[in-house]
Amino acid sequence: MEHIRMPKVENVRLVDRSSSRRTHVGTLYLTATHTIFVGEGSEDRNELWVLHSLVCNVVKHKASQSGYPLLIHCKNFQVIQFIIPQESDCHDVYISLSRLSRPEKYEELYCFSFNPNVDKAEREHSWDFLDLKAEYSRMGLPNKLWHVTPINREYRVCDTYPADLFVPKSVTLPVIVGSSKFRSRGRFPTLSYYCKENHATICRSSQPLSGFSARCLEDEQMLQAIMKSNPGSRFMYVVGTRPKLNAMANRAAGKGYENEDNYCNIKFQFIGIENIHVMRNSQQKLIEVSALRSPSMGEFLTGLENSDWLRHIKSIMEAGLFISKAVAEEGVSVLVHCSDGWDRTAQVCSVASVLLDPYYRTLKGLMVLIEKDWVSFGHMFSHRCGHLIGEAKEVSPVIDQFLECVWQLMEQFPCAFEYSEKFLISIHNHIYSCHYGNFICNSQKERKDLILCIIKEKAHSIWLHLWEKKLDFMNPLFKPDQSQNQGLLRPSTAPYCFKYWRRLYNRFDRELHPRQSELDCLMTVKEETQQLEEELALYEQKMAVLDKERAKTLYMQKGVLDSKQALWSLPLDISLANTPQDYIGGAPNLCLFGDQTKSSDADNSDQESGVADFSSHSSGEESLPSEDSVKDPDSDETAM
Amino acid sequence: MELSEHIKTANVEDVTLRRPFHPALRGTLCVTSHHLLFSDRKDEASWQLLILLKNIDAIEKSVENLFGYPRAVGSSGTITIKCKDLLVLQLEIPGMEECLNIASSIEALSSLESVTEMYPFFYRPSHLTLNGPWGLSSTEQYYKQTERLWDRWRVSTVNSDYSVCPSYPSAVIVPREVDDDKLIHSARFRQGGRFPVLSYCHHRNGMVIMRSSQPLTGANKKRCKEDELLLQAVIDGSELGYIIDLRSAQQAQQARMTGGGFESKSFYSHWKRIHRHHERGKVVQESLIKLVEACSDPSHSVDRWLSKLENSKWLSHVHSALSTAGLVVECVERDGHSVLVHGSEGTDNTLLVSSLAQLILDPASRTVTGFLCLLEREWIQAGHPFQQRCAHSAYSHARLKQECPIFLLLLDCVWQVWRQFPLALEFSEALLLRLAQEVYASNYGTFLCNSEQERCAAGVKENTHCLFQSLLRPDIEEQYLNPLYEPTDLAIWPSVHPQSLQLWTGLFLRWTEYAQNMEEAREEVWSIVKEHHEQAGPDRTNNTLSTHCDTLTSFENLMDELTIL
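Chain order of the listed sequences is A and B. For the record, in the first sequence the residue sitting at position 87 is 87 according to full-length UniProt numbering, with numbers rising by one throughout. For the record, in the second sequence the residue sitting at position 67 is 67 according to full-length UniProt numbering, with numbers rising by one throughout.
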């Protein structure tokens, strides 16, 4: 709180970005965690909440007639412009926000003060939602060829790797140690993905310290063992994800890449993906293009081209495709590395996994994949996302690019993914928001060592939260049984298949998006269908019970009742109130206009504002009482 | 010369057909007066490919073994066929002479000039009869349906013999107080005789969209009292009307040097002129050619692709068409003013803008029937010169004459509107794609000729079938309907930000693997909706559920009674 020089400013104007003439007047509040703008005027309760940890930078602009403009750029690509009447107020807000948005210690992050209304047990439970051990056993590990090595239990061999690592059974501890000494930061080759069907694997590591001529017997044995652990293959690929020139330059610094002559039966393959600095600049250019106000078509396309962003996305996709084809089609194992093995390597391994394994195209699968390939393998979230004040040069949108690759695949295969782009956008938002504890720190060790106690004591895990909201993230077109969605996806990498991701980069420019959502509408339709099916099943069940009863009673009392049939037509309205007419009549309202849904959440720019709420959910609850109202002679048996 | 005289070799065996994303096939190739037929003989259920020769935009032949003897073993030729619907095929034909013969037949027969020789005059399917109604709507019908017009507007038949304006239909809607004589004078003052006529009357406020060609003011600022009176009568005492001139102010000025011009403020004091620059003719045609060229090479880098896409300017044309249509709608719906739209001839961009504005404004034009009626009134009857504009598509090497894909541009814009309002249109992308194909090569007579007058002279209505009628048969194909259609009364304002406009992949990438996955998605949408209908549809569920309820309740009563007993 000591950083807030100005808790409240009145008569502030919030500028509508779609037309700068429209503004809302209101009051600006600064709290320890949020900037809050409350608009005046009672009829549209107009509130804007911006989390400090999402603020990327704050800029003061030249004074205009109406006051002192303050521009806030957020990491989720929201841009907010306030006009503050007094210069001193503007300066105070600027200074406070600049400090608040750049925390110096982990303890200052929002996840440690975020306190939803759940008890301790529930919070701890949220951390158990994903279990990587279960994920490896889903892949079929450990088995007779691969096992967990205890060598890194104390993070002594490699402090950026997780504690549990899979290596070939045939590899001895000295070999691992030797290999790790020959690799940047000790990141020796270890398993990332195992293909049950043909035993081919994707392994990952950092670059070897080969220089121009250095060799390491243990490292060579390590690769040999990985190759041999895939009994069907005669060789393995080593994929270098850096441009060849960069890799060669690294040789001069005593690093580099594997020499094919020294390693038995490897094929070295370069797939050039640019480094974090190039990517950071590229995204910066892309953001500038996306923020242009009413550009011409030519300006937009030229800007998009000059940003090079889609070219980079394509190169990552091509690398992933190469690896997934090697594994699925050739049955050959692949070792992937870049320099340190936590940026490009993570991207490429996880893209390949999404292409290879339909599981990663489900909600839970994608969570597990991020937890495994990114969180546990030491992608430096805090550095790359700039969670704390620090080196600007370490910031880079590496994980953004992975999420975008998944989105590009969803555009090409609309029926292959269980989740919709809302899920990706929500994950993106939470990676940067520090709302939950998952993406804090740079490695598993840091997380455990430094602040283990406070993360698990105070922070919550995102995954359970997302899982509980999964209905909002479902893709109605998902067809898991479709043959082409099984196994390997074969995306086209033709240039026209790479599109600009408007929903992410222009997420908050509402006027740019379709006014009606096809997917929301389909989701509603699907949910209704399911409700009706359930209802029908319920009735059929009741019928079955009654049939039995009837058989008994009719047998006993047949004669008595025949004469009274006329009386049986009874008020049906109660049970009919919930029959299909209702849904047909209700359907038009349920086919949501994007506008209406959005307006309900647009003004509280909470973390979830990308997620539309379905007003149709309520119809599920409404249907319950009337189901109950049909008197049930034997409720125990028919309860669902 | 008989058509069949162009055919020197009618049949060739052992031809290999290659199509994108399909395995090569061997079979027999057959050339008839109007078709290219390939049939795969191997299977019993033989697979056939039938292509209208008119659909062929360009052919390229490469003959191997050029200096060998004509029937030497192994001599063969390859013909690459590039269709107007953007499909590209390759045929490997054994025998050099056959190959050359086939190629020359295709060249001759795919570019017939005479309308009555074209296939629609020979197309006689068993399920259609020639005596049926032709077309869906007419000026008179539109007038009859639009009650708001009856008071102040009338149908004029001044053009019944097409002498006042050769490209207009025989009947047009004009202000009641302007007599035919004045219309004749106004027509003389407008290029091609296209005097201002009513195109649309807005159901909410009675404001109208008019269209015409440019006034012939010329260098010395001629004026025409009757034309001024006609426009004055359109706004009828209200303060203001807007003239949306589809040329830049500079171009409009320059047009005066060649006899054209614009409505000057001093003579049309109640009209406010707004200039919006639209490309036309050759520029748009070349834009299409560049775009298709860019789409045809998947090996480009992303940078090169984006720069070619930008360079083609196609999306810029989409952008300007939708923006100007939006402007017209703003004038009519938001500001409550009438609008006159024109460019130069008033047969291309004028129709594009006025029909897009109607789609945005008018819920009636968003149904299948309404949309086809709109096309019929605003494009076919209004005299868009289809034959000239669609003589060639993106591949042709022929020297460009009057070609211009303005109609394709319309379809693209409609597609963009559908992407932004996926529930608002009753028809689907498939209908747009079908129209994009039919406009270049068709079994039907709908898109033949350049005007009603020409169609009359050629006997199109008597001797061909009507595409729109056939699309609207009672068993209208499901694929042309939008399963999610949910009519709305509101204007559907599309966003025209470059971020919101996309390449129409369904058309331009139609023959790539990309389209196949989209097809799968489209089927899934249908199956979700159908499943819902099955559950919620009045026939089944109501019955099942209410029978169940019926029985259920009666049994409950039965039980009650039993307990009492």
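C-beta atoms are modelled at their ideal positions from N, C-alpha and C, and glycine is treated no differently. This one's a predicted model, so the numbers in the text were calculated from it and none came from an experiment.
- Within the segment 168-196 of chain A, the complete alpha helix (DSSP H) segments of 4 residues or longer fall at 173-181, listed in chain order.
- Gly445(B) counts as buried, since no fewer than 16 other beta carbons sit within 10 angstroms of its beta carbon.
- One thing to note: Ile528(B) has its Cβ within 8 Å of the Cβ of Lys526(A).
- Only those residues of the segment 529-546 of chain A whose C-beta falls short of 9 Å from the nearest C-beta of chain B are listed: Thr529, Gln530, Gln531, Leu532, Glu533, Glu535, Leu536, Tyr539, Glu540, Lys542, Met543, Leu546.
- For Arg510(B), the three-state secondary structure derived from DSSP is coil.
- For Tyr94(A), the three-state secondary structure derived from DSSP is helix.
- With contacts defined by Cβ atoms closer than 8 Å, His202(B) and Leu246(B) do not form a contacting pair.
- Between Ala357(B) and Asn55(B), the gap from beta carbon to beta carbon reaches 8 Å or more.
- What Ile528(B) touches in chain A, judged by beta-carbon distance under 7 Å, is Pro476, Leu522, Val525, Lys526, going in chain order.
- Using beta-carbon distances, Val341(B) does not count as an interface residue toward chain A, since no partner is under 8 Å.
- Using a CB distance below 7 Å, the part of the segment 389-421 of chain A facing chain B consists of Gln412, Phe413, Pro414, Cys415, ordered along the chain.
- Annotation: Ser320(B) to Val496(B) spans about 8 Å, alpha carbon to alpha carbon.
- A straight line joining the alpha-carbon of Ser76(B) with that of Ala108(B) spans about 21 Å.
- Counting along the chain, no alpha helix (DSSP H) covers Gly241(B); the unbroken beta strand (DSSP E) around it starts and ends at 241-245.
- Counting along the chain, the unbroken beta strand (DSSP E) around His24(A) starts and ends at 23-30.
- With at least 16 other beta carbons inside 10 angstroms of its own, Ala247(A) counts as buried.
- For the pair of segments examined, the segment 52-70 of chain A was found not to touch the segment 266-273 of chain A: the number of CB pairs separated by less than 8 Å stays below three.
- Rounded to the nearest angstrom, the Cβ distance from Pro498(B) to Met297(A) is 5 Å, consistent with a contact under 8 Å.
- The alpha-carbon of Pro483(B) is positioned some 13 Å away from that of Ala521(B).
- Under the Cβ criterion (8 Å, minimum of three pairs), the segment 126-133 of chain B does not count as touching the segment 154-162 of chain B.
- Collapsing the DSSP output to three states places Thr488(B) in coil.
- Just so you know, the alpha carbons of Gln224(A) and Ser333(A) end up roughly 11 Å apart.
- Of the other Cβ atoms in all chains shown, 16 or more fall within 10 Å of the Cβ of Ala200(A); this residue is therefore buried.
- A buried status is given to Met380(A), since no fewer than 16 other beta-carbon atoms sit within 10 Å of its beta-carbon.
- Beta-carbon to beta-carbon, Glu534(A) and Asn475(A) are separated by about 21 Å, too far to satisfy the 8 Å threshold.
- Residues of chain B whose Cβ lies closer than 8 Å to the Cβ of Leu512(A) are, in chain order, Ser495, His497, Gln499, Ser500.
- Below 8 Å, too few C-beta pairs join the segment 534-546 of chain A and the segment 476-485 of chain A to call them touching: fewer than three.
- Met96(B): member of the alpha helix (DSSP H) spanning 96-109, first to last residue.
- Around the beta carbon of Met257(B), a 10 Å sphere encloses fewer than 16 other beta carbons of the protein chains shown; the residue is thus reported as exposed.
- Judged by DSSP secondary structure, Cys30(B) falls within the beta strand (DSSP E) whose first and last residues are 25-31.
- For Cys373(B), the CB contacts under 6 Å within the same chain, skipping 5 residues up- and downstream, are Leu136, Ser137 in chain order.
- Close CB contacts of Ser179(A) within its chain, under the 6 Å cut and outside five residues either way in sequence, are with Phe188, Glu218, Asp219, Met222 (chain order).
- Taking a contact to require three or more Cβ pairs closer than 8 Å, the segment 385-393 of chain B and the segment 235-252 of chain B do not qualify as touching.
- The three-state reading of DSSP puts Ile79(B) in strand, counting E and B together.
- Val118(A) and Leu471(A) have their alpha carbons spaced roughly 21 Å apart.
- Selection Gly206(B), Gln191(B), Ile173(B), His465(B) evaluated against Arg148(B) yields Gly206(B) as nearest (Cα-Cα).
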